[in-house]
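Residue numbers (this note's numbering): 144 to 326.
Idealized CB from N, CA, C, for every residue including glycine.
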Amino acid sequence: MVFDLDMIQKVYAGFPSKVAAARALTGTPLTLAEKILYSHLSEGLPQKAFVRGKDYVDFNPDRVAMQDATAQMALLQFMQAGRPKVAVPSTVHCDHLIQAETGATADLTKALDKNKEVFGFLSSVSNKYGIGFWKPGAGIIHQVILENYAFPGAMMIGTDSHTVNAGGLGMVAIGVGGRMLVM
Numbered sequence: 144m145v146f147d148l149d150m151i152q153k154v155y156a157g158f159p160s161k162v163a164a165a166r167a168l169t170g171t172p173l174t175l176a177e178k179i180l181y182s183h184l185s186e187g188l189p190q191k192a193f194v195r196g197k198d199y200v201d202f203n204p205d206r207v208a209m210q211d212a213t214a215q216m217a218l219l220q221f222m223q224a225g226r227p228k229v230a231v232p233s234t235v236h237c238d239h240l241i242q243a244e245t246g247a248t249a250d251l252t253k254a255l256d257k258n259k260e261v262f263g264f265l266s267s268v269s270n271k272y273g274i275g276f277w278k279p280g281a282g283i284i285h286q287v288i289l290e291n292y293a294f295p296g297a298m299m300i301g302t303d304s305h306t307v308n309a310g311g312l313g314m315v316a317i318g319v320g321g322r323m324l325v326m
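1) List the DSSP bridge partners of S233.
2) Quick check on this structure: which residue in V261, D205, T169, N308 has the alpha carbon closest to the alpha carbon of V154?
3) If distances are taken between C-alpha atoms only, which option among M209, K257, S267, T245 comes closest to V307?
4) Can you tell me whether DSSP reads I274 as helix, strand or coil?
5) So, for A212: in the same chain, excluding its five sequence neighbours on each side, which residues have a beta-carbon less than 7 Å away from its beta-carbon?
6) On the three-pair Cβ rule with 8 Å, is the region 194 to 203 touching the region 232 to 251?
7) For L265, tell me which candidate among Y292, W277, L188, G313 has the shortest Cα-Cα distance.
8) Name the DSSP bridge partner or partners of A316?
9) Provide the residue(s) that pair with L219 in DSSP beta bridges, ordered along the chain.
10) Identify every residue that forms a DSSP beta bridge with L184.
11) Three or more beta-carbon pairs under 8 Å between the region 190 to 199 and the region 285 to 292, yes or no?
12) Taking the alpha carbon of R226 as the reference point, which residue from I274, T302, V261, M298 has its own alpha carbon closest?
13) Does any residue of chain D bring its CB to less than 8 Å from the CB of F221?
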């Protein structure tokens, strides 16, 4: 699932026509964020100009990225939806439950023992629903996303407040982590 070139080409192929339609509707120049948002509308081509803070808008993100601590709740909720598979390329990254205390090897060994049940659950659910699984020790989610999934013009949702890190490469990356998932 690394560098999904088909997805990237699809995003870029539809971008000009969607941005042109949005410009025509708004009658104004658009920021990069507005271009990305209008190009990811669930309705396809924009049908109206949206008003910030007033309109409710549905989007189709290109990717969902989850870290192990908050993915548990997100996946439990997904399982209740009764869907056979994720509709959007998604990944689980097991890095947040590894605490830096002694050294990389010892810390990973401790985390594997302490969180064995959680990691097993995440691996099993990921396998069942077609979700990419980055096992403990495979990399830190923030860097993995930058190196493998972020690209200009894309939209990503993550179960982590650090997801916005990917915005540095010109994508709209929205983190819905921590507190929002625990409430």
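Answer, in terms of the structure:
1) V207
2) D205
3) Comparing Cα-Cα distances from V307 to each of M209, K257, S267, T245, the minimum goes to M209.
4) Secondary structure at I274: coil, using DSSP grouped into helix, strand and coil.
5) H239, L240
6) no
7) W277
8) M299
9) According to DSSP, which records beta bridges pairwise, L219 is partnered with nothing at all.
10) F202
11) no
12) I274
13) Absence of chain D from the displayed structure is noted, only one protein chain being present.
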